[in-house]
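Engineer: I'd like to ask you about the structure that follows.
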Amino acid sequence: MEKKYRLLKNHHFKYLINEGKSISNGQFFIYYMNRVDFETIRVGVSVGKKLVRFAFARNKIKRQVRGMLVDIKKDWPVDIVIMIRKNYLSNTYEENLSSLLHLLMKIPL
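Quick note on numbering: our numbering labels position 45 of the sequence shown as 45, and the sequence is numbered without any gaps.
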């Protein structure tokens, strides 16, 4: 996923978590907010230290989730923060992918 499609700054994450709407399931917790000023999607991924202790493992999970998002529509005018939950670690990649896509289809545009 290219950098222009990512949320990188801490204040963007905080604003979305405080002001955005949320949906969740066993593997993911998603905060989202529709935008009118941009025409592309921006995504941020967060993995907590309580969930995975080591930074290399957290980065691996973030890379996997960003890899899952490569095929989604990039013309959605929405910001998304994806927080990983504990059940993500016990499921396979395919199960997590279908779970994430199911949640993304619930986001109203």
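Don't be surprised by glycine CBs; every beta carbon is placed ideally from N, CA and C.
Give the single residue among LEU97, LYS3, ARG53 and ASP79 whose Cα lies nearest to the Cα of MET33.
Structural biologist: Taking the sequence shown and counting its residues from 1, one reaches residue 33 at position 33. Ranking LEU97, LYS3, ARG53 and ASP79 by Cα distance to MET33 puts ASP79 first.
Engineer: Under the three-state reduction of DSSP, which class applies to ASN34: helix, strand or coil?
Structural biologist: Mapped onto the sequence shown, residue 34 falls at position 34. If DSSP states are grouped into helix, strand and coil, ASN34 belongs with the strands.
Engineer: Classify MET1 as helix, strand or coil using the three-state DSSP reduction.
Structural biologist: If you number the sequence shown from 1, residue 1 lands on position 1. Coil, per DSSP.
Engineer: Quick one: what does DSSP say ASN50 is sitting in, helix, strand or coil?
Structural biologist: In the sequence shown, the residue the question calls residue 50 occupies position 50. It is Lys, not Asn, that sits at residue 50 in the sequence shown. LYS50: coil per DSSP, three-state reduction.
Engineer: Got a sec, what are the start and stop residues for the beta strand (DSSP E) VAL81 sits in?
Structural biologist: Along the sequence shown, one-based indexing puts residue 81 at 81. Per DSSP, VAL81 belongs to the beta strand (DSSP E) from 78-84.
Engineer: Whole-angstrom Cβ separation of LEU16 and VAL81, contact assumed at under 8 Å?
Structural biologist: Position 16 of the sequence shown, counted from the start, is the residue given in the question as residue 16. Position 81 of the sequence shown, counted from the start, is the residue given in the question as residue 81. 5 Å between Cβ atoms; contact.
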